[in-house]
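Trainee: First residue of the sequence shown? That's 177 in the working numbering, and the numbers climb one at a time after it. For each residue, glycine too, the CB sits at the ideal point set by N, CA and C.
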Amino acid sequence: MSSMLQGRWWSWGFRSTVMLYFIVLIIFPIIGIYGQSFSSGWAAFADNITEPLAWKAVLLTVKLALIATVINMFIGTMSAWVLIRYRFPGRRLLNSLVDLPFALPTAVAGLMILLLLGPRSSVGGLAEKLGFTILFHQPAIVIAMVFVTFPFVIRAVQPLLEEMDSSEEEAAYTLGATKAATFWKVILPSMLPGILSGAMLAFSRGLAEFGAVVLVAGNIPGKTLIASVYIFGEIESDNAIGATAVSVLLLTFSFLILWTVNYVQMRRKNG
Numbered sequence: 177m178s179s180m181l182q183g184r185w186w187s188w189g190f191r192s193t194v195m196l197y198f199i200v201l202i203i204f205p206i207i208g209i210y211g212q213s214f215s216s217g218w219a220a221f222a223d224n225i226t227e228p229l230a231w232k233a234v235l236l237t238v239k240l241a242l243i244a245t246v247i248n249m250f251i252g253t254m255s256a257w258v259l260i261r262y263r264f265p266g267r268r269l270l271n272s273l274v275d276l277p278f279a280l281p282t283a284v285a286g287l288m289i290l291l292l293l294g295p296r297s298s299v300g301g302l303a304e305k306l307g308f309t310i311l312f313h314q315p316a317i318v319i320a321m322v323f324v325t326f327p328f329v330i331r332a333v334q335p336l337l338e339e340m341d342s343s344e345e346e347a348a349y350t351l352g353a354t355k356a357a358t359f360w361k362v363i364l365p366s367m368l369p370g371i372l373s374g375a376m377l378a379f380s381r382g383l384a385e386f387g388a389v390v391l392v393a394g395n396i397p398g399k400t401l402i403a404s405v406y407i408f409g410e411i412e413s414d415n416a417i418g419a420t421a422v423s424v425l426l427l428t429f430s431f432l433i434l435w436t437v438n439y440v441q442m443r444r445k446n447g
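1. So what does DSSP say about THR354, is it helix, strand or coil?
2. What span of residues does the alpha helix (DSSP H) with VAL333 cover, start to end?
3. Drop a sphere of 10 angstroms on the beta-carbon of SER255, count the other beta-carbons inside from all chains shown, and report buried for 16 or more, exposed for fewer.
4. Three or more C-beta pairs under 8 Å: does that hold for the region 233-251 against the region 397-404?
5. Looking at the unbroken alpha helix (DSSP H) that takes in ILE402, where does it start and where does it end?
6. To the nearest angstrom, report how far apart LEU377 and SER343 are at their CA atoms.
7. Tell me whether the region 334-349 and the region 423-439 touch, counting them as touching only if at least three CB pairs, one residue from each stretch, are closer than 8 Å.
8. Assuming ILE310 contacts LEU293 (C-beta within less than 8 Å), just tell me the rounded distance between them.
9. Helix, strand or coil: which one does DSSP assign to TRP263?
10. Between which two residues does the alpha helix (DSSP H) containing PRO277 stretch?
11. By the 10 Å Cβ neighbour count, where 16 or more other Cβ atoms means buried, how is ILE371 classified, buried or exposed?
Quick look at the structure:
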């Protein structure tokens, strides 16, 4: 009896600790930011999110995050394919480097991109000679977003490729299907849930990225001023309500994306 009670106390303690962790570190901050954004009423919130500078920053962020997501959908899918389907020297090292953007501080990532694309670098110098300016313009922001969101699609597609039944491919080849037809009709549909899930997570991360982009972005509204930099500027200007209003908008986008990802994954498991 005592061992049973002790087991129940341990179970209750673990569950309570986990719940307390989520409440303190996740639920309370979310409630706080929503409460702060509406502290001056709905009218003030609407004014802050419809303010021209804020709206331009959000739209630009969505556009650039979409571009980065599309790039990662293609590059990430190809990378996952190569890492799973081919054996070559350095494959394990390359596979471990995929997670580098997760482990690397985003400010360091931004500094790396800054040094890579700066006018004194070979890449930046060549771009300037050709009449292109990358740094502090939209291409630099996209590159930063691509770097920090690179692992999402790869890590979402890899398990699907590993679990894929090779007999389906063999059956397609036996029936006379070409490699291209087999890929489009057999392999791609199996990878598609992972591609979409990874893409949505990458898009959500790109929307809120700050550390990597703040060093390479500009402050021209509608051209180089993105939402995270705008939020930082509002905080420095002591406009906390304006900053939280735009933050809530991005947070709501992220919630919708997360719900969609979970829905897609549940459909895949139940299907």
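Mentor: From the atom records:
1. coil
2. 314-339
3. buried
4. yes
5. Counting along the chain, ILE402 falls outside any alpha helix (DSSP H), and DSSP gives it neither H nor E.
6. 31 Å
7. no
8. 5 Å
9. Before going further, note that residue 263 is Arg rather than Trp in the sequence given. ARG263: coil per DSSP, three-state reduction.
10. 276-279
11. buried
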